[in-house]
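Novice: Numbering (our numbering), first residue to last: 1 to 275. C-beta: ideal position from N, C-alpha, C; glycine also. Given the structure is predicted, the values throughout are model-derived calculations rather than measurements. Could you have a look at this structure, given as structure tokens, before my questions?
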Ligand code: ADP
Ligand code: MG
């Protein structure tokens, strides 16, 4: 963050008493599990996109999900974020949030952030304004006469810009960023919401090798403070970031383990990796 860029925004310390007051987040991970999917099925008419799927994601885990096109990977993310309702089964965020009963907005507010396959940044807006627009609604400052940033927002903004390597691009219209930088900006827009769980759907699709490497580094940094689920086809990227890998095929789990383990799995070789 350049000092000038932020100085345009007044620092709002009206309520400052020298203590930080982080907004409490409701998600209860006391059992060590961030996400529970239990016997989830999704039917589209007579087609079953998810088939009795059970999946547990531990808090702080970085779970990679791979599998052939049509396996149900995006549908899985749709179910977690409320875009698609499970036809059967249950989906819980921590101990308390029953995601199947919540709206997409409520789910986002509960601490789940998702990056879609295609970046959806506002091309005419600067990097900085894109990030500020993505801040929680009660913190938004766009259009106000005095563009005031509270301390939390300013801290999140600075940390986010550093994470996504766009500190020296704050004033640039997002439309002038490279494809990779746009993807990072979109990840930054997620980070402005301080999500606990981050879902990334094919984050390195269309990226150069160097951008892919930077995205792997970003994911590993994000893992320090977030739980992540990453869907990707790029095996060198998966190799760089993965711990536990889940292979999805025809809406069900085909194999689970380290990348090396699933790559040796006969069923995975047959249905996905090829011989
Ligand atoms: P992946 O992301 O693993 O490639 P998807 O989850 O996008 O797979 O899709 C899984 C299957 O469900 C595909 O056959 C797809 O055509 C189907 N599908 C996904 N969304 C819908 C929908 N809204 N209506 C009907 N079929 C869908
Ligand atoms: Mg998909």
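If you measure from the CB of residue 124, is any heavy atom of ligand 1 nearer than 7 Å?
Specialist: Every heavy atom of ligand 1 is 7 Å or more from the Cβ of residue 124, so no.
Novice: Can you grab the Cα-Cα spacing for the pair residue 248 / residue 80, in whole Å?
Specialist: Approximately 16 Å between the Cα atoms of the pair.
Novice: Relative to the C-alpha of residue 82, which residue among 271, 98, 219 is closest?
Specialist: Answer by Cα proximity: 98.
Novice: By Cβ distance below 6 Å, which residues in the same chain neighbour residue 256 in space, the five residues on each side in sequence not counted?
Specialist: Excluding sequence neighbours, residue 256 sits near 246.
Novice: Go ahead and pull the three-state DSSP assignment for residue 48.
Specialist: Residue state, collapsed to three classes: strand.
Novice: Going by the beta-carbon positions, is the gap between residue 185 and residue 130 smaller than 8 Å?
Specialist: Cβ atoms of residue 185 and residue 130: closer than 8 Å.
Novice: Could you give the C-beta distance for residue 43 and residue 87, rounded to a whole number, given that I count them as a contact under 8 Å?
Specialist: 5 Å between Cβ atoms; contact.
Novice: With hydrogens ignored, establish whether the beta-carbon of residue 120 is closer than 7 Å to any heavy atom of ligand 2.
Specialist: No; taking the cut-off as 7 Å, the Cβ of residue 120 has no heavy atom of ligand 2 nearer than that.
Novice: Between 46, 59, 26, 55, which lies nearest to residue 224 when the distance is taken from Cα to Cα?
Specialist: That would be 59, whose Cα lies nearest to the Cα of residue 224.
Novice: May I ask you to list the residues that DSSP assigns as paired with residue 204?
Specialist: DSSP lists no partner for residue 204.
Novice: Quick check on residue 55: does DSSP put it in helix, strand or coil?
Specialist: The answer is strand: DSSP assigns residue 55 an E or B state.
Novice: How many angstroms separate the CA atom of residue 156 from the CA atom of residue 62?
Specialist: Cα-Cα distance, rounded: 22 Å.
Novice: Taking the C-alpha atoms as reference points, what is the distance between residue 179 and residue 162?
Specialist: So the alpha carbons of these two residues sit roughly 18 Å apart.
Novice: Which complete alpha helix (DSSP H) runs does the segment 163-215 hold, if anything under 4 residues is left out?
Specialist: Counting only runs of 4 or more, we get 179-191.
Novice: Among 191, 26, 204, 41, which has the Cα closest to the Cα of residue 283?
Specialist: Residue coverage of the chain in this structure runs from 1 to 275, which leaves residue 283 outside it and unanswerable.
Novice: Are the segment 114-121 and the segment 194-211 touching, with three or more C-beta to C-beta distances below 8 Å?
Specialist: The answer is yes - the segment 194-211 touches the segment 114-121, with three or more Cβ pairs under 8 Å.
Novice: As a quick exercise: from 269, 165, 234, 48, pick the residue whose alpha carbon is nearest that of residue 208.
Specialist: Cα-wise, what sits closest to residue 208 is 234.
Novice: On a Cα-Cα basis, can you pick out the residue from 90, 153, 188, 45 that is closest to residue 165?
Specialist: Checked all of 90, 153, 188, 45; the closest Cα to residue 165 is 188.
Novice: Does the separation of the CB atoms of residue 250 and residue 51 fall below 8 Å?
Specialist: It is a contact, given that the beta carbons lie within the stated cut-off.
Novice: Alpha carbon to alpha carbon, what distance is there between residue 104 and residue 66?
Specialist: In a straight line, the C-alpha of residue 66 is about 24 Å away from that of residue 104.
Novice: When you compare only the Cα positions, how much space is there between residue 11 and residue 152?
Specialist: Confidence at residue 11 is low in this model, with a pLDDT of 42, below 50, so its placement is unreliable and the value that follows should be read with caution. The alpha-carbon atoms of residue 11 and residue 152 are separated by roughly 10 Å.
Novice: Which residue comes first and which comes last in the alpha helix (DSSP H) that contains residue 248?
Specialist: Where residue 248 is concerned, there is no enclosing alpha helix (DSSP H), although the beta strand (DSSP E) it sits in stretches over 244-249.
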